[in-house]
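Counting from 1, position 294 in the sequence shown corresponds to residue 293 in numbering that gives the first Met the number 0; the numbering is continuous, with no gaps. Ideal placement from N, C-alpha and C gives every residue a C-beta, glycine not left out. The structure displayed is predicted, hence computed values, not measured ones. To keep things clear, I will list the structure first and then write my remarks on it.
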Amino acid sequence: MTFALTNVTPAPVLDSPSLVHAPGSPLEEVIKAVSRMAPTDSTVLLTGETGTGKEVVARYVHDHSARARRHFVPVNCGAIPETLLESELFGHVRGAFTGAVANRKGRVAMAEGGTLFLDEIGEMPLPLQVKLLRLLQERTYEPVGSAESVTANFRLIAATNRNLALEVEAGRFRRDLYYRLMVCPVELPPLRARKADVLALFSHFWRQRGETRPVEPAALRAIELHPWPGNVRELENLVERVSVCTEGPVIRVTDLPQPVRQAAMAVGDLSAPSLSLVPPPPPSAPQAFAADLAPVAAPAQGAEAAPAEGSLPAMPPVAVPVPEKLFADATAARLPIDLPSLLRTLEDTYIAAALQQAGGNRKAAADLLGLQRTTLVEKLRRRARDSQAA
Numbered sequence: 000m001t002f003a004l005t006n007v008t009p010a011p012v013l014d015s016p017s018l019v020h021a022p023g024s025p026l027e028e029v030i031k032a033v034s035r036m037a038p039t040d041s042t043v044l045l046t047g048e049t050g051t052g053k054e055v056v057a058r059y060v061h062d063h064s065a066r067a068r069r070h071f072v073p074v075n076c077g078a079i080p081e082t083l084l085e086s087e088l089f090g091h092v093r094g095a096f097t098g099a100v101a102n103r104k105g106r107v108a109m110a111e112g113g114t115l116f117l118d119e120i121g122e123m124p125l126p127l128q129v130k131l132l133r134l135l136q137e138r139t140y141e142p143v144g145s146a147e148s149v150t151a152n153f154r155l156i157a158a159t160n161r162n163l164a165l166e167v168e169a170g171r172f173r174r175d176l177y178y179r180l181m182v183c184p185v186e187l188p189p190l191r192a193r194k195a196d197v198l199a200l201f202s203h204f205w206r207q208r209g210e211t212r213p214v215e216p217a218a219l220r221a222i223e224l225h226p227w228p229g230n231v232r233e234l235e236n237l238v239e240r241v242s243v244c245t246e247g248p249v250i251r252v253t254d255l256p257q258p259v260r261q262a263a264m265a266v267g268d269l270s271a272p273s274l275s276l277v278p279p280p281p282p283s284a285p286q287a288f289a290a291d292l293a294p295v296a297a298p299a300q301g302a303e304a305a306p307a308e309g310s311l312p313a314m315p316p317v318a319v320p321v322p323e324k325l326f327a328d329a330t331a332a333r334l335p336i337d338l339p340s341l342l343r344t345l346e347d348t349y350i351a352a353a354l355q356q357a358g359g360n361r362k363a364a365a366d367l368l369g370l371q372r373t374t375l376v377e378k379l380r381r382r383a384r385d386s387q388a389a
């Protein structure tokens with residue numbers, strides 16, 4: 000069973016497709032807030048984890064403001080060396096420093112009449128914070144090497160993934176600048192708090208790449224369960240990776256990178272029945288332990304179990320031989336057993352089962368077992384060495 004992504008319909012978001020979300024998403028409140036702020040000239044401070052789309056929202060505010068016809072000028076305060084950041088912002092005059100062979104306009108001048116977006120403002124050095132504060136208060140500045148003030152007309156939008164209140168308490172951010180920025184604060188929720196948006200965003204990015212291939216439910220379930228520490232940026236990069244690196248006509252769970260599959264497999268949503276291990280029982284129940292490791296029975300002739308929605312297609316039943324010699328004396332009164340040997344036997348059995356389902360393809364078998372291919376190859380080599388030694 001596969002799932003056509005055309006069935007996932009994101010909610011319309013005015014004319015900004017980059018803010019795709021599902022109905023009822025926490026992002027709806029964010030959009031309402033910034034829509035009210037956009038027509039004004041008030042300073043906006045966007046906070047949230049990296050990859051949540053702060054620059055996308057900043058551009059949305061600019062595009063819906065009276066300054067939309069002028070420039071939107073972004074500056075990443077964390078990516079420019081401290082010694083160059085002042086010149087980058089305010090420009091410089093000829094002869095201001097070695098290499099300054101001509102006058103140069105800064106980003107503030109470029110944003111004249113438009114919007115200046117200061118990303119990662121929490122990383123701005125303290126000396127420059129003082130000059131930024133004066134710029135916001137007086138709306139004037141001096142280019143590096145100049146004694147003449149220049150007036151500035153721009154709208155400021157700032158963004159940070161840091162907690163500026165804590166930065167103020169730690170002495171790394173000026174308190175007066177903090178309050179100057181906190182005119183219209185907006186916090187963007189992480190993607191893990193917007194679970195309903197994950198498939199809508201995946202569908203949006205998938206269509207954006209011109210993809211029409213269907214995606215199986217197990218893969219969609221894995222994408223939903225992944226915590227997305229990199230937020231929307233991580234999801235967009237995953238879409239590109241799957242689109243470029245997958246050759247088949249259908250996107251399957253084995254086409255996803257292991258970190259994305261891992262969260263779903265941890266809760267059992269993606270594990271094939273014949274590859275799932277029973278959790279170990281408490282030490283006080285050795286008989287239950289033996290019962291849990293009973294052979295996997297083949298289904299009755301003509302009976303075929305239907306795979307659960309969102310799970311992998313069931314693997315052909317493979318009887319798991321129980322090492323009787325290890326269990327013969329494993330009763331409540333006669334422990335211990337050779338547990339290391341038992342675990343090796345079970346591991347070898349499930350590796351053989353995975354290779355059978357994957358038709359001998361080691362990469363596919365490793366995916367079914369939740370292993371890296373190199374790990375599986377090493378285990379196979381160990382099996383071969385052990386066989387030769389025996």
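Contact check, residue i vs residue j, beta carbons under 9 Å
{"i": "T42", "j": "C244", "result": "no"}
{"i": "V72", "j": "V33", "result": "no"}
{"i": "L127", "j": "V107", "result": "no"}
{"i": "V249", "j": "R260", "result": "no"}
{"i": "E81", "j": "G121", "result": "no"}
{"i": "L187", "j": "L368", "result": "no"}
{"i": "E48", "j": "P258", "result": "no"}
{"i": "R69", "j": "E111", "result": "yes"}
{"i": "R372", "j": "R361", "result": "yes"}
{"i": "A151", "j": "L134", "result": "yes"}
Host alpha helix (DSSP H) of residue i (start-end)
{"i": "L224", "result": "P216 to L224"}
{"i": "T82", "result": "E81 to F89"}
{"i": "L390", "result": "Lying outside 0 to 389, the shown extent of the chain, residue 390 is not represented and no answer is given."}
{"i": "Q172", "result": "Rather than Gln, the amino acid found at residue 172 in this sequence is Phe. No alpha helix (DSSP H) contains F172, which DSSP labels as neither H nor E."}
{"i": "E377", "result": "R372 to A388"}
{"i": "W205", "result": "D196 to Q207"}
For residue i, the three-state DSSP class (helix, strand or coil)
{"i": "L274", "result": "Because the pLDDT of L274 is 30, which lies under 50, any placement of that residue in the model is unreliable, and the question is left without a value."}
{"i": "P280", "result": "Residue placement at P280 is flagged as unreliable, the pLDDT there being 37, under the threshold of 50; the coordinate-derived value follows with that caveat. P280 falls in the coil class under three-state DSSP."}
{"i": "V182", "result": "coil"}
{"i": "R240", "result": "helix"}
{"i": "F96", "result": "coil"}
{"i": "H70", "result": "coil"}
{"i": "T150", "result": "strand"}
{"i": "N75", "result": "strand"}
{"i": "L163", "result": "helix"}
{"i": "A351", "result": "helix"}
{"i": "L155", "result": "strand"}
{"i": "H103", "result": "Looking at the sequence shown, residue 103 is not His but Arg. Strand."}
{"i": "V19", "result": "coil"}
{"i": "V143", "result": "strand"}
{"i": "T344", "result": "helix"}
{"i": "E235", "result": "helix"}
Neighbour-count burial assignment, residue i, 16 or more Cβ in a 10 Å radius
{"i": "F153", "result": "buried"}
{"i": "L375", "result": "buried"}
{"i": "T51", "result": "buried"}
{"i": "N230", "result": "buried"}
{"i": "F96", "result": "exposed"}
{"i": "M264", "result": "buried"}
{"i": "L115", "result": "buried"}
{"i": "S202", "result": "buried"}
{"i": "S386", "result": "exposed"}
{"i": "S148", "result": "exposed"}
{"i": "V185", "result": "buried"}
{"i": "P142", "result": "buried"}
{"i": "M123", "result": "buried"}
{"i": "L342", "result": "exposed"}
{"i": "G94", "result": "exposed"}
{"i": "T211", "result": "exposed"}
{"i": "Q136", "result": "exposed"}
{"i": "G113", "result": "buried"}
{"i": "R191", "result": "exposed"}
{"i": "Y140", "result": "buried"}
Host beta strand (DSSP E) of residue i (start-end)
{"i": "T253", "result": "Unbroken run through T253: none, as it is neither H nor E."}
{"i": "T114", "result": "T114 to D118"}
Complete alpha helix (DSSP H) runs within the region 23-48 (minimum length 4 residues, chain order): 26-36
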